[in-house]
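Input: a single structure, listed below in structure tokens.
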Amino acid sequence: MINQNYKECIEACLKCMAACNHCYSSCLDEEHVEMMKECIRLDRECADLCEFAAHAMSMNSSYAKAICLACAEACEACGNECKKHDHDHCQQCAEACFACAKICREMAA
């Protein structure tokens, strides 16, 4: 059973992970993929950290708060990069990233 204190944060992390994975794969299909290089890199890092944070919280790790702070930083960086691009997948990813960063910071406080 999921620790109820982490439930909202885990859900935000999983939603962000899915948005980053979608953005990553969609960026690879863009006409000017070279321009999307940083977005792709940050999508991958953010998705991985979101998955790791969700996993840490689900097992009530003593490092969950520290991992969530790192996740929040990755989410903010990814969101800032994604919001520079007009593609719908980037805008949706930025929204998910900023929401996840906020919840992760609150949880870790």
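If you're matching positions, the sequence shown starts at 407 in our numbering and goes up one per residue. We put the CB at the ideal spot given by N, CA and C, even for glycine. Quick caveat, the model's predicted, so the values are computed rather than measured.
query, result
"For residue 489, three-class secondary structure by DSSP", "coil"
"Delimiting residues of the alpha helix (DSSP H) encompassing residue 430", "413-434"
"Three-pair Cβ contact test at 8 Å for the segment 412-421 versus the segment 430-442", "no"
"Residue 461 to residue 469 span [Cα, whole Å]", "11 Å"
"Cβ contact check for the segment 494-506 and the segment 444-456: 3 or more pairs under 8 Å", "yes"
"Where residue 363 falls, given that 16 or more other Cβ within 10 Å makes a residue buried", "Missing from the structure shown is residue 363; the chain here goes from 407 to 515 and no further."
"Limits of the unbroken alpha helix (DSSP H) element including residue 464", "443-464"
"Coil, strand or helix - residue 509 by DSSP", "helix"
"Assigned secondary structure, residue 437 (DSSP; H/G/I helix, E/B strand, else coil)", "coil"
"Neighbour-count burial assignment, residue 431, 16 or more Cβ in a 10 Å radius", "exposed"
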